[in-house]
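Chains as they are written, first to last, in this note's numbering: chain Y, 440 to 915; chain B, 7 to 491; chain P, 11 to 105.
Read through the structure below, which is laid out as structure tokens, and then see the notes.
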């Protein structure tokens with residue numbers, strides 16, 4: 440029996456606002472425990488929440504970027520449960536009236552495009568951090584994180600494999616980072632993923648019983664966990680058993696999911712409208728204003744690069760991994776007029792340099808102008824492509840422009856036919872055996888002569904000229 | 007007359023004229039407290055030192071000529087208003103040692119107006135009750151008869167004012183907790199429009215119903231207090247940015263030509279005969295001032311209690327979830343693990359009435375019941391509000407009794423929760439609709455117990471309430487009686 | 011709608027409260043009294059009536075995204091029943 444997986448993903452993304460969603464405490468990550476808290480986010484008696492407008496703005500941005508309907512009105516609800524990292528004993532979230540609904544993202548898969556529906560996007564507050572003591576039966580609470588704004592993005596159960604899930608995650612991740620509203624750091628917890636997984640016999644319409652997966656803290660782990668869970672459920676069904684609806688935790692070390700069979704299993708969250716917050720009315724004007732301010736999104740940018748710059752999809756993919764990189768590339772193209780060449784230099788050399796040093800493109804010592812200038816120098820024939828490889832490395836190390844380096848090191852390409860012809864003559868004279876063999880039919884030795892000329896000219900000879908000269912002169 | 011027996015406006019005169027100092031006033035108040043507090047028990051905490059220090063500072067300011075509205079005037083605060091550095095217990099074991107790191111907005115405002123605080127007054131635990139009998143710190147007695155309750159939940163504040171243990175006090179009202187004790191203790195009490203006075207720093211009971219308001223000895227003092235308390239606060243999302251008029255301007259206008267609505271559903275079987283009499287007398291006085299009393303109908307009145315006792319406990323059950331022994335307050339040491347810690351802390355920390363309301367609230371919100379109870383109640387609430395909107399199209403204000411009976415004896419009604427709830431029947435609708443309500447004394451029973459009349463007006467029409475209350479007070483000729491303590 | 015005793019126990023658990031047998035009995039009776047009284051709500055005709063969640067309907071109470079000073083850690087932990095170093099401490103959840 441063949442089974443198809445049905446997967447839905449729930450993503451929680453921390454928003455990059457300066458202050459928390461309902462109070463003015465800083466959202467800075469990594470601060471000393473319990474130093475970014477106030478009476479409001481601590482849930483002390485008598486406090487009240489006031490909504491950070493930027494949270495609404497950022498959520499609208501994400502809603503627009505994922506083609507959602509932005510609801511004209513939305514409101515907050517209380518999700519009631521007891522846990523030490525939840526100071527008020529309830530989380531302020533959105534339940535019946537979320538901000539955005541019914542959107543989608545398109546995935547670029549090998550088989551082609553696939554559209555994954557987004558059910559809803561809503562705003563809520565984050566909880567604190569609970570740390571368990573291994574040596575005694577205590578837990579320690581740091582409430583810095585309570586009140587950091589989150590958006591929850593719920594997908595339709597349209598995902599059909601662990602690979603698709605990965606692609607979906609990456610797509611959402613790049614959109615969030617492109618919009619500048621989330622830093623997408625899974626290790627630090629600013630981008631989290633839970634999954635709902637079920638399987639059904641091929642051809643069956645009805646969904647199978649689903650399990651909820653939690654505790655997948657990297658892209659790789661999401662994929663591994665899903666792959667494992669699909670197999671686990673398959674094994675159960677093939678053995679004639681039934682999948683239990685439950686929450687399962689991914690165990691990274693063991694490579695398995697464990698059931699969270701605890702008394703807390705069935706949560707009754709007793710949702711009701713939060714009486715301390717008023718409705719959020721989002722006018723069409725506000726949406727328009729935000730829409731205008733949206734950056735070009737990665738998918739659209741890639742399509743445009745392929746279309747306008749005639750570069751392959753692979754190049755477009757690499758060059759759009761960040762907005763900054765894409766902007767850098769386009770600047771170089773604008774200044775040099777050579778999209779494919781620019782792409783090669785960035786992908787082949789610039790990226791290699793900055794990745795080695797773990798630098799961001801924004802901190803690259805080679806400015807787009809400098810790179811464009813170097814490209815022009817190659818185009819003009821001042822230096823050869825081979826020499827340029829040395830030059831660009833020097834440019835990166837020193838930050839000096841190409842021209843200065845070329846002059847300093849005397850790397851100007853030799854294009855004087857007469858001078859080159861002289862060199863060829865000398866090389867021919869110095870290698871009579873090879874010359875004889877070449878003339879005798881060993882064509883492969885052409886490369887040997889090219890190499891010798893290059894050596895004699897310290898690589899500065901114009902390759903095309905060498906080619907032509909050698910062809911003529913070797914022939915005798 | 008002793009200084010502590012005077013009103014704010016009388017003391018303001020004396021202070022301005024240099025006839026008295028804040029220190030003298032505060033000392034007079036504390037002499038009175040020393041004399042009667044052991045019988046009345048209006049306070050949970052007395053802040054004598056701080057009050058005297060405040061008085062000294064006030065006297066400095068007065069000497070310089072910096073006299074603000076309440077400079078040097080001793081005010082008492084209900085113990086669910088957060089006072090920075092001073093315990094705020096909500097009359098509960100679970101917060102018995104809680105010290106807030108911030109002041110409530112109204113506390114800040116009163117401080118800025120120069121007020122001096124005498125202490126934190128007693129109340130029903132977490133404001134849940136109408137007799138102040140559920141306080142963890144003991145019962146407050148009605149100064150008119152120490153065997154009777156002062157009303158609740160702001161019983162301590164009401165008793166402190168009528169016993170002259172402070173010049174004015176602040177309370178809170180979720181279902182009548184200012185107005186009912188005001189009536190039972192014979193003082194003036196006002197519940198403002200929802201959103202008129204900031205709730206920031208008011209320990210929440212039912213967020214969509216709670217309001218803070220003043221207890222005063224007369225209507226003029228109420229206007230003075232409202233001028234300070236009212237106003238938009240950006241720290242409260244439900245605060246309403248409406249202008250605050252000078253409420254004193256309403257004190258001397260008459261009510262000639264006014265239409266005063268008498269809701270027929272409020273004049274029912276079960277009202278004590280003497281209370282009914284006092285209200286009828288009041289109506290006569292009102293008509294004698296040139297107003298016309300007309301009958302109006304609030305047809306959904308019969309649902310008010312049900313709506314209130316679904317919405318209030320539901321919100322309360324959520325608001326009180328934070329009392330879990332983790333970050334502040336009482337924690338039971340008997341718990342072997344987290345679950346036990348939660349259950350034992352909350353069960354030992356909360357009193358019976360609070361637990362009952364949490365149970366009811368949790369039940370109505372739990373899965374399967376939300377639609378039948380909470381949602382339905384919210385819908386009927388809209389209908390109740392509509393009733394008032396319609397009524398105010400026909401009249402300027404409404405006039406109703408405040409309580410069905412005068413103050414009952416301590417312990418008389420605590421066993422039957424339903425009976426207790428019935429004593430809220432005239433006041434609850436006000437909170438549901440969010441409209442303002444004001445209570446003024448309108449007489450005494452033969453046994454010498456106070457009766458209060460309630461006036462209701464439309465949203466942000468506190469001015470109208472003060473207008474009719476002031477006019478009535480002037481014309482009622484009730485005479486100045488004081489409790490014999 | 012009548013509440014049964016086991017339902018009362020479940021609600022108590024949701025609210026993190028515990029009661030003796032006698033208390034549970036008393037609660038069941040008292041809650042039932044009140045709930046019977048509540049059933050009268052069903053007599054009210056609420057067709058087409060929007061639930062009223064706020065006394066005064068307002069919208070868009072916002073604040074700007076500005077950082078304000080937080081409490082010091084001392085102030086944050088000052089009321090804690092059990093503070094350990096920089097943290098609040100609680101007994102562990104026993105799974």
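Glycine is no exception: its CB is placed at the ideal position from the N, C-alpha and C atoms.
Values in this document were obtained by computation on a predicted structure and should not be read as measured data.
Residue 655/Y carries a strand assignment under DSSP once its states are collapsed to helix, strand and coil. No Cβ-Cβ contact shorter than 8 Å links residue 410/B with residue 203/B. According to DSSP, residue pairing for residue 446/B in a beta bridge involves 459/B. In the assembly as shown, residue 753/Y is an exposed residue. Its beta-carbon has fewer than 16 other beta-carbons within 10 Å. The Cβ-Cβ distance between residue 127/B and residue 188/B does not fall below 8 Å.
If you draw a 10 Å sphere on the C-beta of residue 43/B, you find 16 or more other C-beta atoms in it, and that means buried.
For residue 228/B, the enclosing alpha helix (DSSP H) begins and ends at 225-235.
Excluding sequence positions up to five before and after residue 853/Y, its CB lies within less than 7 Å of the CB of 859, 896, 899, 900, 901, all in the same chain and listed in chain order. Ranked by Cα distance from residue 49/P, the options 382/B, 54/B, 194/B are led by 382/B.
Closer than 8 Å to the CB of residue 481/Y there is at least one CB belonging to chain B.
Contact check for residue 504/Y and residue 614/Y: beta-carbon distance about 5 Å, within the 8 Å limit, so the pair qualifies. For residue 324/B, there is no enclosing beta strand (DSSP E); the enclosing alpha helix (DSSP H) has its first and last residue at 310-325. Counting every other CB atom within 10 Å of its CB across the protein chains shown gives residue 674/Y a total below 16, marking it as exposed.
For residue 108/B, no beta strand (DSSP E) run applies, since DSSP gives it neither H nor E. Nearest CB-CB separation between residue 197/B and chain P: not below the 8 Å threshold. One Cα belongs to residue 51/P, the other to residue 63/P, and the distance between them is close to 17 Å. For the segment 93-117 of chain B, the residues whose beta carbon sits under 9 Å from a beta carbon of chain Y are, in order, 94, 96, 101, 104, 106, 107, 108, 110. Of the candidates 644/Y, 606/Y, 824/Y, the residue whose Cα lies closest to the Cα of residue 547/Y is 606/Y.
In the three-state scheme derived from DSSP, where H, G and I count as helix and E and B as strand, residue 142/B is classed as coil.
Between the segment 825-834 of chain Y and the segment 842-852 of chain Y, the count of C-beta pairs closer than 8 Å reaches three or more; the two stretches touch. The C-alpha of residue 450/Y lies about 31 Å from the C-alpha of residue 241/B.
Under a 10 Å Cβ-count criterion, residue 572/Y is classified as exposed, with fewer than 16 other Cβ atoms of the shown protein chains found around its own Cβ. At a Cβ-Cβ threshold of 8 Å, residue 167/B and residue 174/B count as neighbours.
Under the Cβ distance rule, residue 68/P counts among the residues neighbouring chain B, one pair being separated by less than 8 Å. In the three-state scheme derived from DSSP, where H, G and I count as helix and E and B as strand, residue 190/B is classed as helix.
By the beta-carbon neighbour count (other beta carbons within 10 angstroms, threshold 16), residue 479/B is buried. Following the DSSP letters along the chain, one finds residue 552/Y inside the beta strand (DSSP E) bounded by residues 551-564. Around the C-beta of residue 430/B, 16 or more other C-beta atoms lie within 10 Å, and the residue is accordingly described as buried. Taking 8 Å as the CB threshold, residue 487/Y lines the interface with chain B.
8 Å or more divides the Cβ of residue 353/B from the Cβ of residue 24/P. Taken through DSSP and simplified to helix, strand or coil, residue 813/Y comes out as helix. For residue 631/Y, the uninterrupted beta strand (DSSP E) segment begins and ends at 630-640.
The three-state reading of DSSP puts residue 540/Y in strand, counting E and B together. For residue 290/B, there are no C-beta contacts with chain Y under 8 Å, since the nearest C-beta of that chain is about 41 Å from it.
For residue 390/B, the secondary structure class from DSSP, reduced to helix, strand or coil, is helix. Taking a C-beta distance under 8 Å as the contact criterion, residue 455/Y and residue 632/Y do not qualify as a contact pair.
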